[in-house]
Amino acid sequence: MSDYLVIVESPAKAKTIEKYLGKKYKVKASMGHVRDLPKSQMGVDIKNRFEPKYITIRGKGAILKELKSAAKKAKKVYLAADPDREGEAIAWHLAHSLNLDMDSDCRVVFNEITKDAIKESFKHPRPINMDLVDAQQARRVLDRLVGYKISPLLWKKVKKGLSAGRVQSVALRLIIDREKEIQNFKPEEYWTIEAVFRKNSDRFQASFYGIDGKKQDVKSEEQVKEILAKLNGEEFTVDSVTKKERKRNPAPPFTTSSLQQEAARKLNFRAKKTMMIAQQLYEGIDLGKEGTVGLITYMRTDSTRISEVAQKESLQYIEEHFGKNYTPTEKRKERKQTNAQDAHEAIRPTSTFREPAKIKEYLTRDQFKLYKLIWERFVASQMAPAIMDTISVDLLQNGVLFRANGSKIKFPGFMKVYVEGTDDNKEEKENWLPDLQKGDRVNSEKIEPVQHFTQPPPRYTEARLVKTLEELGIGRPSTYAPTLDTIQKRGYVSLDNKRFVPTELGEIVYELLLEFFSEIVDVEFTANMEKELDEIEEGKVEWIKVIDNFYKGFEKHLDKAEQEMEKVEIKDEYAGEDCERCGSPMVFKMGRYGKFMACSNFPECRNTKPIVKEIGVKCPKCHKGNIIERKSKKSRIFYGCDRYPECDFLSWDKPIDRKCPKCEGLLVEKKLKKGMQVQCTQCEYKEQPQQ
């Protein structure tokens, strides 16, 4: 019999922790929540102070029985769920189910699953924090009231299977508002004048800046002609040379939001995938002789704070591997966001000395990619700034001013390890100018005006949307990934070239919510609600009072919507062909894995078929069929023969309609991190990558 029972959420976490605690401790997993609100009914007693009605989750009876049996045999039970509101709620539900004393020191929390952190946390157990529990209960009840009151209305008035939620509705609004901006956007003409100059044998580029020292925007071709008419010959004079030294500081360690954004930019990971892999790295990976080890700290955080122990270890690593000059000379100020809870450290490796390359063999490809990203970001964040030498040169002729800017890295600092990505994939490139002095004469080799038009704001990628939600104070670290997943599963938005586009269904639902439940889609209202949930966690306000204030107005909107909301008919889009079984027109339908074709004579005729997209290439295997674009169950695009299963040709890379000039093999378009490259599948032939 074990003296102590420790309960965590997952078997992987249990396995890692049990190794550190020794024989007196038995660690078991609850597999997440054991109690929740029932799915079949509201589960909230509105008339009785919004009392939640919790039931044992279906399928958890056997687990709960096993935990009760183990708890009876143990001298002491510790609840070690994750260190956040959700984890506190799981611990509270377990305490209820196991009849534990809430005021006893039964709760253990840790930010990282390492031997030292685990041992230290068990020296400081505490009672369950009811403020944290109440904050989680308030969010759960709020979401249940919104979802279970509005969703049936949408089923009745629009179609079955729809839902409305506080955070998802605001996310949908942002996507639709952006689409309207794009549709209403009126492009404006503007021009740039680019020039190539030469000094001796050195060539460099410069751009038109202004007239008589004043910056001037060029809006029309007439302005361009006026500017060029002022020029007389090729010779320009160097009017000024400005040299500066500029420091560039590293990005801070990852928060949940910035990790999701950077994993999308650099690894092409969806938010849901990023969090799933981060959970695996946090809970523990078997590293052979070293055993199972938690590789990163807790991955749901909005803080960039780092412990002193982690800072000292990272500085030791940096000095040993890069030299003393790569360690910062002054302590970097932590940038704290105004709406951050700051409950946990930033996401970082549990040991800086556990280099990604050293443990690569124990990780899956995706685990390695994400761990490497987290490790490099953290190490870089603790390094010295990069120092850039910059130069700005003004070139003058008859009052017409061209400016050339150059820069080069004087000292790489943190850039030796990692540079933060950008949403537009533009990286800072070195561009150094020849040695120029004031009064020097240079010649223009080419002066070329270029017409441009302003572009509409870009559609949201997952990374941009997560960043916007965070900046607006909508949702919290644990809600971003499920929110993005929900709006896609409900068919409210689709992804086009990895950017969110609202569907007709999404726009209909949004307009109904805007008309009858304006607060639900109001950005400021939702952000203020998040602040109130934080105040519940801090013990400043009672959770029932927050729910009551919300429900008073919400109930009036519900009554009005029940009476006035009209039924909306969504017409099917015709697919342009007839059913081969009954001759009725085929229509497009939205299913679990995206659009498909179905017979309009349903339910009499149940014929369905996938949407086939030909790419204009004959099958290289059977030479009879055509290559078509298909989608896997995980929505990944691949290419196969339309004669399947007679012909089993398939390729993840897109085949193209010409043969390899070397061996006449199949050429495909291979996606690179930036751009695309045509390659042969049978020999080493490759073409120049295209951006």
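One point on numbering: in the numbering used here, the residue at position 349 of the sequence shown is 376, and numbering is uninterrupted.
Even glycine gets a Cβ: it sits at the ideal position worked out from N, Cα and C.
On a Cα-Cα basis, can you pick out the residue from the options that is closest to residue i?
| i | options | result |
| --- | --- | --- |
| K723 | R526, A165, T219, P277 | Only positions 28 to 718 of the chain appear in the structure, and residue 723 is not among them; the question remains open. |
| R670 | I654, S678, W679 | I654 |
| V417 | E582, N458, I571 | Strictly speaking, residue 417 in this sequence is Thr, with Val absent from that position. The candidate whose alpha carbon is nearest that of T417 is N458. |
| T708 | Q478, K697, G70 | K697 |
| S719 | T141, Q704, S408 | In the structure as shown, the chain begins at 28 and stops at 718. Residue 719 is therefore absent and cannot be evaluated. |
| A56 | V71, S37, G70 | S37 |
| T449 | A290, F527, W402 | A290 |
| I155 | G533, R193, A116 | A116 |
| L539 | E569, H584, G667 | H584 |
| L294 | Q704, E711, L699, P716 | L699 |
| R85 | Y344, K66, Q343, E569 | K66 |
| L423 | E604, G192, K241, T635 | K241 |
| M556 | I514, L522, P637, G500 | G500 |
| Y537 | A118, L125, L199 | L199 |
| R193 | D143, T506, E403 | T506 |
| A411 | G440, D421, S419 | G440 |
| M58 | T356, I90, Y47 | I90 |
| R468 | D421, Q409, E489 | D421 |
| I386 | K316, N126, P179 | K316 |
| K640 | H650, P647, K651, K658 | K658 |
| A107 | M69, Q163, L48, K100 | L48 |
| V614 | N634, R112, K689 | N634 |
| D204 | E534, H479, E475 | E534 |
| R491 | V520, T510, Q288 | Q288 |
| R297 | E357, D561, P509, L32 | P509 |
| E216 | F231, D229, V245, V197 | V245 |
| K300 | D313, L397, L258 | L397 |
Just to confirm, is the Cβ distance from residue i to residue j under 9 Å?
| i | j | result |
| --- | --- | --- |
| K473 | Y353 | no |
| Y325 | P529 | no |
| N425 | E261 | no |
| R381 | V336 | no |
| S148 | V168 | no |
| I664 | R486 | no |
| G566 | D158 | yes |
| A256 | F235 | no |
| I401 | T283 | no |
| A588 | I82 | no |
| D599 | K645 | no |
| R517 | L532 | yes |
| P279 | S285 | yes |
| I638 | V427 | no |
| A101 | K53 | yes |
| K525 | T553 | no |
| S668 | K648 | Ser is not the amino acid found at residue 668; the sequence shown has Cys there. Yes. Within cutoff. |
| V104 | K87 | no |
In the DSSP assignment, find the alpha helix (DSSP H) that holds residue i and state where it starts and stops.
| i | result |
| --- | --- |
| E346 | 335-349 |
| D586 | 570-591 |
| R430 | Per DSSP, R430 belongs to no alpha helix (DSSP H); it is in the beta strand (DSSP E), 427-438. |
| L492 | 489-499 |
| P682 | Run containing P682: none in the alpha helix (DSSP H); it sits in the beta strand (DSSP E), 681-686. |
| D512 | 507-516 |
| G533 | 531-543 |
| E562 | 550-564 |
| E45 | 38-48 |
Looking at the unbroken beta strand (DSSP E) that takes in residue i, where does it start and where does it end?
| i | result |
| --- | --- |
| R657 | 653-658 |
| F441 | Element bounds for F441: n/a, residue is neither H nor E. |
| K729 | The question about residue 729 has no answer here: the residues shown for the chain are numbered 28 through 718. |
| L189 | Premise fails: L189 is in no beta strand (DSSP E) and is neither H nor E. |
| G667 | 664-668 |
| Q307 | It is not in any beta strand (DSSP E) - Q307 instead sits in the alpha helix (DSSP H) that spans 298-310. |
| E604 | 600-605 |
| Y81 | Per DSSP, Y81 belongs to no beta strand (DSSP E) and is neither H nor E. |
| Y52 | 52-56 |
For the ligand NAP, I want to know if residue i counts as a neighbour, meaning its beta carbon is within less than 8 Å of at least one of the ligand's heavy atoms.
| i | result |
| --- | --- |
| P152 | With respect to the ligand NAP, the structure offers nothing, as it holds no ligand at all. |
(request) Could you name each continuous alpha helix (DSSP H) segment of 4 residues or more that falls completely within the region 211-290, going from the start of the chain to the end? (result) Along the region 211-290, the alpha helix (DSSP H) occurs as fully enclosed runs of 4 or more residues at 248-257, listed in sequence order.
(request) Report yes or no: do three or more beta-carbon pairs, one from the region 540-553 and one from the region 28-46, lie closer than 8 Å? (result) No contact exists between the region 540-553 and the region 28-46.
(request) Would you check if the region 172-191 and the region 423-437 touch, i.e. whether three or more CB-CB distances between them fall below 8 Å? (result) With a cut-off of 8 Å on Cβ pairs, the region 423-437 is not in contact with the region 172-191, counting fewer than three such pairs.
(message) For the region 160-175 against the region 70-81, do three or more pairs of beta-carbon atoms, one drawn from each stretch, fall closer than 8 Å, so that the two count as touching?
(response) Because the criterion of three Cβ pairs below 8 Å is met, the region 160-175 and the region 70-81 touch.
(request) Can you check the region 373-421 for any alpha helix (DSSP H) of at least 4 residues that lies completely inside it and give the ranges in chain order? (result) Counting only runs of 4 or more, we get 383-386, 392-408.
(request) May I ask you to verify whether the region 598-613 touches the region 624-635, counting CB pairs closer than 8 Å and requiring at least 3? (result) Three or more Cβ pairs closer than 8 Å define a contact, and the region 598-613 meets that threshold against the region 624-635.
(message) Count Cβ pairs between the region 474-483 and the region 204-224 that sit closer than 8 Å; are there 3 or more?
(response) Between the region 474-483 and the region 204-224 there are three or more C-beta pairs closer than 8 Å, enough to call the two in contact.
(message) To test your reading of the DSSP string, which unbroken alpha helix (DSSP H) runs of 4 or more residues are found completely within the region 98-164?
(response) You should have 112-124, 142-148.
(message) Pairs of beta-carbons, one from the region 387-399 and one from the region 264-276, closer than 8 Å: are there three or more?
(response) The region 387-399 is not in contact with the region 264-276.
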